[in-house]
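The next block holds one structure in the form of structure tokens; read it before the comments.
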Amino acid sequence: MSISSTIEKINKLKQIKNAIILAHCYQPVEIDEVADYVGDSLYLSQVAARTNADIIVFAGVYFMAQTAKLLSPDKKVLLPQIEAGCRMADMLSYKQLKDFTSKHPSIPSVCYVNSTAEVKSECDICCTSSNAVQIVKSLGVSKILFVPDTYLGKWVEKQLGNVEVITYPGFCPTHLQIRPIDVENARKKFPQALVLAHPECHMSVSSIADYVGSTAGIMNYVKTSKHKSFIIATEQGVVDRLKRDYPNKEIIPIKNNIVCPNMKMTSLDDILHVLETEENEIIVDKNIAQNAVKCLNRMLEVSK
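Position 31 of the sequence shown, counted from 1, bears residue number 855 in my numbering, the numbering being contiguous throughout.
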């Protein structure tokens, strides 16, 4: 089947079934052809909750589809590739979290949105890479636990200066491929370019970047900056979209292999298949969902 006929079939099924398609910025760029919304994971889940769709197809990874289900419990949420997990989120199970928090009793726990519903259900408050500093500051304490991303947690600690952040040793394998030598090499080759890095990068990278921010933050920086040349230190999907959206600006990948394999699993054929069959539905246990939603809602209240 040709790509155009696949797209046509998907768009027809969306109308028939009152479905919407969400695409994360790390997805293959052709997914945008059928997506109703493209962005980072929390934005997508929030916008889906405000729609009257009956079905949400989340082109992303498992924890993202779970978050969409938490915020839209009455909608059917489908994940086109059920095997697409987040390697960082998978580093922290419910049992590992309980072991970690038991070693640090009475210290508030903050979980990155890149975590399972089970982990969210046991944490005090959630955060994203764009609001993590604000969320930790809002707790008004001198010490917190941060899971699962050690590098985002330590970046937050550096920004605040007066809060000790005890981190779980999780990380994003894709962002960890970016090293200081890559920044140095890119700057030598493109001295006119600004380096924009995601806070999931190693601290040795974020500490020498010109700007550190979330996926949405990086994309907005390119959009609003008068600067014309940017070295992008995050996943390839962001590079692809920036090149497409800002053809008059120079968009340079920090390296050519910064690709999340799980994020690239989803195809247009997968999206068509789940729309046709309504397979791969995401179900979250009611008790877990109840507590996980509280964790998310606390964050949403603080970051209004």
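Beta carbons: idealized from backbone N, C-alpha and C, even for Gly. Just so you know, these numbers come straight off a predicted model, no measurement behind them.
Under the rule that 16 or more other beta-carbon atoms within 10 Å means buried, what is residue i, buried or exposed?
i: residue 874; result: exposed
i: residue 884; result: buried
i: residue 1065; result: buried
i: residue 839; result: exposed
i: residue 904; result: buried
i: residue 993; result: exposed
i: residue 1006; result: buried
i: residue 1077; result: buried
i: residue 1059; result: buried
i: residue 907; result: exposed
i: residue 949; result: buried
i: residue 1107; result: exposed
i: residue 912; result: buried
Rounding to the nearest angstrom, what Cα-Cα distance links residue i and residue j in this structure?
i: residue 1117; j: residue 872; result: 15 Å
i: residue 1081; j: residue 1061; result: 11 Å
i: residue 926; j: residue 857; result: 47 Å
i: residue 972; j: residue 902; result: 25 Å
i: residue 1101; j: residue 877; result: 17 Å
i: residue 996; j: residue 1085; result: 12 Å
i: residue 1124; j: residue 987; result: 21 Å
i: residue 828; j: residue 1011; result: 40 Å
i: residue 1105; j: residue 1032; result: 42 Å
i: residue 879; j: residue 842; result: 7 Å
i: residue 1093; j: residue 830; result: 7 Å
i: residue 1131; j: residue 928; result: No answer is possible for residue 1131: the residues shown for the chain start at 825 and end at 1128.
i: residue 863; j: residue 1068; result: 15 Å
i: residue 1111; j: residue 914; result: 21 Å
i: residue 931; j: residue 985; result: 18 Å
i: residue 909; j: residue 861; result: 21 Å
i: residue 900; j: residue 1016; result: 48 Å
i: residue 1050; j: residue 1103; result: 46 Å
i: residue 854; j: residue 848; result: 12 Å
i: residue 1027; j: residue 991; result: 13 Å
i: residue 1034; j: residue 898; result: 43 Å
i: residue 852; j: residue 980; result: 30 Å
i: residue 962; j: residue 1126; result: 7 Å
i: residue 1122; j: residue 933; result: 12 Å
i: residue 967; j: residue 1128; result: 24 Å
i: residue 982; j: residue 1098; result: 43 Å
i: residue 1025; j: residue 976; result: 8 Å
i: residue 832; j: residue 989; result: 49 Å
i: residue 1072; j: residue 1009; result: 24 Å
i: residue 826; j: residue 1048; result: 37 Å
If contacts are defined as beta-carbon pairs under 8 Å, then residue i and residue j qualify, I think. What distance do you get, rounded to the angstrom?
i: residue 837; j: residue 882; result: Residue 837 to residue 882, Cβ: 16 Å. No contact.
i: residue 1030; j: residue 952; result: Contact doesn't hold; Cβ gap of about 16 Å is too wide.
i: residue 937; j: residue 865; result: 6 Å
i: residue 974; j: residue 887; result: Not quite, the Cβ-Cβ distance comes to about 17 Å (not below 8 Å), so this is no contact.
i: residue 844; j: residue 1095; result: Residue 844 to residue 1095, Cβ: 12 Å. No contact.
i: residue 1070; j: residue 1036; result: Incorrect: roughly 20 Å between the Cβ atoms, too far for contact.
i: residue 969; j: residue 1014; result: Incorrect: roughly 39 Å between the Cβ atoms, too far for contact.
i: residue 954; j: residue 859; result: Not really, about 20 Å apart at Cβ, beyond 8 Å.
i: residue 1063; j: residue 1075; result: 6 Å
With DSSP as the reference, please indicate the residues paired to residue i in a beta bridge.
i: residue 1054; result: 1018, 1075
i: residue 857; result: In the DSSP output, where bridge partners are listed per residue, residue 857 has none listed.
i: residue 1061; result: According to DSSP, residue 1061 bridges with nothing at all.
i: residue 1105; result: 902
i: residue 848; result: 863
i: residue 967; result: 988
i: residue 973; result: 994
Exercise. Just checking, does the region 1047 to 1058 make contact with the region 1016 to 1034 on the three C-beta pairs under 8 Å criterion?
Worked result: Yes: at least three Cβ pairs fall under 8 Å.
Exercise. With contact counted as at least three CB pairs below 8 Å, one residue from each stretch, are the region 1082 to 1090 and the region 918 to 933 in contact?
Worked result: Taking a cut-off of 8 Å on C-beta distances, the region 1082 to 1090 does not touch the region 918 to 933, as fewer than three cross pairs fall below it.
Exercise. For the region 938 to 956 against the region 1103 to 1121, are there 3 or more C-beta pairs whose distance is under 8 Å?
Worked result: Touching, yes.
Exercise. Does the region 993 to 1001 touch the region 945 to 961, meaning 3 or more C-beta pairs lie closer than 8 Å?
Worked result: Under the Cβ criterion (8 Å, minimum of three pairs), the region 945 to 961 does not count as touching the region 993 to 1001.
Exercise. Hey, is the region 887 to 896 in contact with the region 853 to 872, meaning 3+ C-beta pairs nearer than 8 Å?
Worked result: Put simply, the region 887 to 896 touches the region 853 to 872. At least three CB pairs are less than 8 Å apart.
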